[in-house]
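Report on the structure given below.
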Amino acid sequence: MTPVDPVRTDAESLQRGLRMAAPPDQEALLREAQWLDQLERGPWTSRIRGYMSLSGPGYLQSALTLGAGTATASLFSGAVFGYQLLWVAPASMALGVIVLAAVAHQTLSTGLRPLPAMRKFAGAPFAIAWAASSLLASIVWHVPQYNLAASSVVDLCAVLGFEGVPAIAASPLLLLAAVWLSWSYGRSPVLVRRYEAFCKILIWATVASLVWVVANTSTDWAGVVAGFWPSIPQDRDGHSAFGMVASGLAAAVGVNMTFLYPYSLLARGWGRSHRGLAKCDLACGMLLPYALATSLMTIAAANTLYGGDPVGKGAAISEVSRVLGSVLGATLGRVVFDLGMLAMAFSTISLHMLVCGFVATEWFGCEVGSRRHRLWQLLPAPAAIAPALFAAVPVWIAVPTNIACGALLPLSYFAFWKLQRSRAYLGADLPRGLGATLWSLGILVAVLVPTIAIGLYVMSLL
């Protein structure tokens, strides 16, 4: 396999669209664009209903971020600090949506593939760092996904009467299922949409299970409201408040999400007419389910674990599920919780594979859905042995992983800020006026917040 220059700036590398082994039907896309143009002229209620029928890429972002990193950050935040850190996940996701809305505007306005476009209009160092860090984050973040999934499967087996199942026993099945699912993406436009539909089901099933937990526990709603006001509590039980904030901020939007998102837009064949749809998709498919899931997880953990025995870094999902299971029923409650955690980890495992495949489309020029593309999707697969390597910290391993991968994010955000201000790149689609200024400031805030949070945490360790 001969590598190609991943960030060429010649005319071929800046071609519009994505290399697809089975590209979308252009006539169907034209009809879809005409329908969207009609929606734009209609009432907002009809527009939202129409947008929701076509949503998808935003849900991929939700499914990617609702994994071990998010689950661990939310559960430990609630168990250790109660409601005090409820603000972290929604605030960080809101900042991420501001950036991804800019990514959507850039990609859909120009139709250019993002990596070579970044090379030409933001600079080669940004493009190379973005692709490399997205690949690295997808590999490193893969480790805690298998730990969370394996811990959930072990507890699920114990609930069902199969005691003593080793954590590593779940990995082969998880890996095979994730490979099959990720390889289905790109083989045809129909499979792309089915993949996205599957992610929607997993996301809302997770949210529903958490609603059930919260509805059956005692909640201090005044404390919940106060928890959405930004504050940093005192360290407790050996857990750093700055560390939990930094972990939560990093778990919301990873650098690999910024890579997956524009390429999933191109895989759908979306263009200029889909810009309004993309914004709605980000709000309803990414921000809303993420904010709901993380808030519900934190509230559930605060209701059942906060104020009790200290939650150590060696805690497993089984310890959490036993407490929640005692609320909903020793068997059914634990099954619901374990399945929710398993769904979160599994969807993220398959999406990490997608990110690695998209990086390969640029580094090696292979088509999405081709054999080489599928082989590159296997790059994170060795993480399947993680349950055997990190048995002492089966879930906590996600917290330092979040912080390490979060450090890769600000540079990419800054690159998209540069692109958002590039007249050479956006031309007549360059945002103007007060809205453009506020949008630009919002992206800069998104750059600074995780940088400061991670910096303060590192300083607290010195």
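Letter 353 of the sequence shown, counting from 1, is numbered 352 in numbering that gives the first Met the number 0, and no numbers are missing.
Don't be surprised by glycine CBs; every beta carbon is placed ideally from N, CA and C.
DSSP, read as helix, strand or coil, puts Leu84 in coil. Per the DSSP secondary-structure output, Leu155 pairs with nothing in a beta bridge. Selection Ile453, Gly268, Ile451, Gly368 evaluated against Val178 yields Gly368 as nearest (Cα-Cα).
The residues Leu65, Thr205, Val206, Leu209, in chain order, have a CB closer than 7 Å to that of Ala292 in the same chain once the five nearest residues on each side in sequence are set aside. The same chain holds no residue with a CB closer than 6 Å to that of Pro42 once the five nearest residues on each side in sequence are set aside. Residue pairing of His141 in beta bridges, as defined by DSSP: absent, with no partner found. Under the three-state reduction of DSSP output, Leu378 falls in the coil class, being neither helix nor strand. Beyond the five residues adjoining it in sequence on each side, Ala240 comes within less than 6 Å, by CB distance, of Ile231, Pro232, Asp234 in the same chain, given in chain order. In this structure, Gly284 lies away from Ser91, with their beta-carbon atoms at least 8 Å apart. According to the DSSP secondary-structure assignment, Arg235 is paired through a beta bridge with His238. Minimum Cα-Cα distance from Thr257 among the listed residues Gln105, Ala169, Ala176, Trp211 corresponds to Gln105.
With a contact defined as Cβ atoms closer than 8 Å, Cys355 and Gln376 qualify at about 5 Å. Taking each of Arg46, Pro288, Gln419, Gln144 in turn and checking the Cα distance to Ala100, the smallest one comes out for Gln419. Note on Arg112: 16 or more other CB atoms within 10 angstroms of its CB, so buried under the neighbour-count rule. With contacts defined by Cβ atoms closer than 8 Å, Ala301 and Tyr82 form a contacting pair. Around the CB of Ala423, fewer than 16 other CB atoms lie within 10 Å, so the residue is classed as exposed. Within the same chain, Gly268 come within 8 Å of Gln25 by CB-CB distance, once the 5 residues on both sides are set aside. In the structure shown, Leu407 falls within a coil segment according to DSSP collapsed to helix, strand and coil. Note on the stretch 42 to 126: whole alpha helix (DSSP H) runs with a minimum of 4 residues are 43 to 53, 56 to 64, 67 to 80, 87 to 109, 113 to 120, in chain order. The residues Ser246, Gly247, Ala250, in chain order, have a CB closer than 6 Å to that of Ala72 in the same chain once the five nearest residues on each side in sequence are set aside. Scanning Arg46, Thr360, Val223 for the CA closest to the CA of Ala266 turns up Thr360. Just so you know, the alpha carbons of Phe357 and Trp86 end up roughly 33 Å apart. Counting only the Cα atoms, Val212 lies some 23 Å from Gly160. Counting C-beta pairs with one atom in each stretch, the stretch 337 to 355 and the stretch 134 to 150 have three or more that are closer than 8 Å, which means they touch. Per DSSP, reduced to three states, the secondary structure at Asn302 is helical. In the three-state scheme derived from DSSP, where H, G and I count as helix and E and B as strand, Trp228 is classed as coil.
For Val457, the enclosing alpha helix (DSSP H) covers residues 432 to 460. Here Leu174 is not near Ala385, since their CB atoms are 8 Å or more apart. Using a Cβ distance threshold of 8 Å, Leu276 and Leu53 count as a contacting pair.
DSSP, reduced to helix, strand and coil, places Asn215 outside both helices and strands of the structure shown, so it counts as coil.
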